[in-house]
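Student: Residue numbers (our numbering): 21 to 216. Just so it is clear, CB atoms sit at the ideal spot from N, CA and C, and this is done for glycine as well. One structure is given below, represented as structure tokens, and several questions about it will come after.
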Amino acid sequence: MKFLALSVLIFASLTVMAQQPMSLLVGSKAPKIEAVDNNGEAFSLEQTLKNGPVVVVFYRGEWCSYCNRHMAALEESLTQFKKLGVSVVAITPELAKYVKKTVKKTSASFSIISDPNHKIMDEWRVSFMLDETMYSRYKNFGINVDRASGNKDRILPVPATYIIGKDGKIEVVHFNNDYTERMPVEDILSALKELQ
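Printed below as a string of structure tokens:
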């Protein structure tokens, strides 16, 4: 009986662990990004890297105050990024009409890619399923993540930040399952200056 209980506990633990996404590794090749951004322009990570490093940010949506603060901070420092020859791109599971709300709230002028089918998010291994408890809690606060993405799978991204070098390899990773944590912009800038 003890063996059965232990087996169930181990299985449950592995299941929980399996639901937690794992970061891509520093030094590995960054997955491709080929998409149309919020301005209707084609975005290619490969092509953009020809101009210099790229900061890739994943955010949950316009309803997320932590995301909005981070996006606004990125915008405020955009001139510094450009001086370093660095491009910024943000990826969200939300539909384009909600991306417009993000732009309105944060004044973000860099490329934002809507990824409602989470293909990009899956390739970058940031996707996870919001559990029923949190999903219901969000809905009680008027946040419907499925409506925002046009899906019914409760998928959100870990709000991760990746710095990609000109060679297409991942140089820096900030990956934290705690949705309140973001890589501070000053840390991103410091890391980029070290890569110069």
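Which value, in whole angstroms, describes the spacing of the CA atoms of M154 and L98?
Tutor: Working through the sequence shown from its first residue, we reach residue 154 at position 134. Working through the sequence shown from its first residue, we reach residue 98 at position 78. Distance between the alpha carbons of M154 and L98 is about 34 Å.
Student: Out of N196, L150, H194, which has the shortest C-alpha to C-alpha gap to I175?
Tutor: Reading the sequence shown from its first residue, position 155 is the one you call residue 175. Answer by Cα proximity: L150.
Student: Grouping DSSP H, G and I as helix and E and B as strand, with all else coil, what is V74?
Tutor: For the purposes of this step, residue 74 is identified with residue 54 of the sequence shown, where counting begins at 1. Three-state result, V74: strand.
Student: Hey, could you find the ends of the beta strand (DSSP E) I190 is sitting in?
Tutor: Start at 1 with the first residue of the sequence shown, and residue 190 comes out as number 170. First-last of the beta strand (DSSP E) with I190: 190-194.
Student: CA-CA distance, S48 and Y158?
Tutor: Locating residue 48 in the sequence shown gives position 28, counting from the first residue. Locating residue 158 in the sequence shown gives position 138, counting from the first residue. The straight-line gap from Cα to Cα measures roughly 35 Å.
Student: Do you know whose CA, among Y118, F130, K139, lies nearest F101's CA?
Tutor: For this step, residue 101 is matched to residue 81 along the sequence shown. Taking only the C-alpha atoms, the option nearest F101 is F130.
Student: With DSSP as the reference, label Y128 as helix, strand or coil.
Tutor: For the purposes of this step, residue 128 is taken as residue 108 along the sequence shown, with counting starting at 1. Residue identity check: residue 128 is Ala in the sequence provided, not Tyr. Correct three-state label for A128: coil.
Student: Counting only runs of 3+ residues fully inside the segment 157-216, write out the beta strand (DSSP E) ranges in chain order.
Tutor: Listed in chain order, they are 175-177, 181-184, 190-194.
Student: Buried or exposed for E114, please, with buried defined as at least 16 other CB atoms from any protein chain shown within 10 angstroms of its CB.
Tutor: Within the sequence shown, the letter at position 94 stands for residue 114. Flag for E114 reads buried.
Student: Round the Cβ separation of I184 and L69 to the nearest angstrom and send it over; I've been treating them as touching at under 8 Å.
Tutor: Translated into the one-based positions of the sequence shown, residue 184 becomes position 164. Translated into the one-based positions of the sequence shown, residue 69 becomes position 49. Right, their Cβ atoms sit about 7 Å apart.
Student: Beta strand (DSSP E) containing M149: first to last residue?
Tutor: Position 129 of the sequence shown, counted from the first residue, corresponds to residue 149. 147-149 is the extent of the beta strand (DSSP E) around M149.
Student: What residues are listed by DSSP as bridge partners for T112?
Tutor: Counting from 1 along the sequence shown, the entry for residue 112 is found at position 92. Answer by DSSP bridge pairing, in chain order: S134.
Student: Give the straight-line distance between the Cα atoms of A116 and G162, rounded to the nearest whole angstrom.
Tutor: The residue given as residue 116 occupies position 96 in the sequence shown. The residue given as residue 162 occupies position 142 in the sequence shown. Computed Cα separation, rounded: 19 Å.
Student: So, helix, strand or coil for A50, using DSSP?
Tutor: To locate residue 50, count along the sequence shown from 1; it is residue 30. Three-state result, A50: coil.
Student: To which residues does DSSP link S85 through a beta bridge?
Tutor: By one-based count along the sequence shown, residue 85 stands at place 65. Answer is none; S85 lacks a bridge partner.
Student: Using three-state DSSP, classify V56 as helix, strand or coil.
Tutor: Along the sequence shown, one-based indexing puts residue 56 at 36. Three-state DSSP puts V56 in a strand.
Student: Can you tell me the Cα-Cα spacing of W83 and N59, whole angstroms?
Tutor: Counting from one through the sequence shown, the residue named residue 83 turns up at place 63. Counting from one through the sequence shown, the residue named residue 59 turns up at place 39. Approximately 21 Å, taken between the alpha carbons.
Student: Counting only C-beta atoms, is G188 closer than 8 Å to chain C at any point?
Tutor: You won't find chain C in this structure, because it holds only one protein chain.
Student: For S97, report the span of its beta strand (DSSP E) as first-last.
Tutor: Start at 1 with the first residue of the sequence shown, and residue 97 comes out as number 77. Segment: none, S97 is in no beta strand (DSSP E) and carries neither H nor E.
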